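Report on the following structure.
In our numbering, the protein residues as written are 68 to 380.
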């Protein structure tokens, strides 16, 4: 099948690799413009662009799809269908209507749960027991189109946004290949979503990743996992920002002020939280430093019981 593929980050790059491995003819790849990255802030291509270039595919990087000049190259490809995965740009109606078989989106949730930009993080914050991939026929709404295929996976107790992302990326690649096979054979069945069950996953803001120690340790545990690797749950120690990368909720017997350090050793830094629990931090990072296991961190930056972590900002 002849395709146009639109996507930007690693999640989409995995799907593109699956589509190419299945033998589909990708006539054009759309991805967002190169962005400054690294210490030198040099323009860096997206993960999708890297895969496309290695595969010798034509790449276009329009800053928007609203201009009329963008439609002509899409039509010139004469593609049957467009595959979209975490592209980051809105597809106007004329683009959605440009392909005989429409546009299929790879979405990282079991729609209609978690429509929107951050379904992985929202699922972890909400303590969902499962996530999944939905292959959706796109319409003009926000993830509102009918679902062609969907498959769920269980969320592990120690799941991070990074680990769930990687598992869903692989599942997304496998499912889009199955959907394309069905579409090519005219066997793709579409099921409308139940809008009454919809929940929304707005984009994550950095302030959401700020730890407030008066909250229950179970919630802070989920917060740490949901924001690993981006943007990283953060607090302050001696007035300096500290990112918390690995932690687990534990019980405590005493009732100190939230944020107080109960113990600090190679097994973790245990910090009092609201609700009668504590957070055992096993990996953390000072600003400008490396991510370190608790024992390594303490060797360079001793912390004594009774000292306090402050809320993030």
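C-beta: ideal position from N, C-alpha, C; glycine also. Owing to the predicted nature of the structure, the values given are computational and were not obtained by experimental measurement.
Annotation: residue 130 is outside any alpha helix (DSSP H) and is labelled neither H nor E by DSSP. At the C-beta level, residue 232 and residue 202 stay beyond 8 Å of one another. Comparing alpha-carbon positions, the option among 308, 275, 297, 314 lying closest to residue 285 turns out to be 314. The bridge partners DSSP lists for residue 375 are 327.
Counting the other Cβ atoms within 10 Å of the Cβ of residue 357 gives fewer than 16, which makes it exposed. Here the alpha carbons of residue 94 and residue 68 stand approximately 10 Å from one another. Around the Cβ of residue 152, a 10 Å sphere holds 16 or more other Cβ atoms; the residue is buried.
Between the segment 155–172 and the segment 271–285, the count of Cβ pairs shorter than 8 Å is below three; the stretches do not touch. A distance below 8 Å separates the beta carbons of residue 319 and residue 339.
In chain order, 160, 163 place their CB closer than 8 Å to the CB of residue 207, counting only its own chain and leaving out the 5 sequence neighbours on each side. Between residue 124 and residue 165, the beta carbon gap of about 19 Å keeps them out of contact (Cβ cut-off 8 Å). Remark: C-beta atoms of residue 304 and residue 364 do not approach each other more closely than 8 Å. Looking from the CA of residue 90, the closest CA among 174, 136, 247, 120 belongs to 247. Bridge pairing for residue 120: absent [DSSP]. Note that the C-beta distance between residue 119 and residue 136 is not below 8 Å. Going by DSSP, residue 307 is part of the beta strand (DSSP E) stretching over 307–318.
Under the DSSP assignment, residue 240 falls in the alpha helix (DSSP H) whose first and last residues are 228–251. Inter-segment contact for the segment 69–83 and the segment 105–119 is present: three or more beta-carbon pairs are separated by less than 8 Å.
Under the three-state reduction of DSSP, residue 297 is assigned to coil, being neither helix nor strand. Spatial neighbours of residue 237 in its own chain (CB-CB distance under 8 Å, excluding positions within 5 residues in sequence) are listed in chain order as 81. Ranked by how close their Cα comes to the Cα of residue 300, the residues 279, 342, 316 have 279 in first place. When DSSP states are grouped into helix, strand and coil, residue 176 belongs to the coil group.
It is roughly 21 Å from the alpha-carbon of residue 283 to the alpha-carbon of residue 222. In the structure shown, residue 287 adopts helical secondary structure according to DSSP, grouped into three states. The beta carbon of residue 185 lies closer than 7 Å to those of 268, 269, 270, 271 in the same chain, with the five residues before and after it left out. In this structure residue 214 is not in contact with residue 242, their Cβ atoms being roughly 11 Å apart against a cut-off of 8 Å. The straight-line gap separating the alpha-carbon atoms of residue 181 and residue 200 is approximately 11 Å. Ranked by Cα distance from residue 174, the first of 211, 143, 140, 148 is 211. Sorting 218, 129, 190, 149 by C-alpha distance to the C-alpha of residue 156 places 129 at the top.
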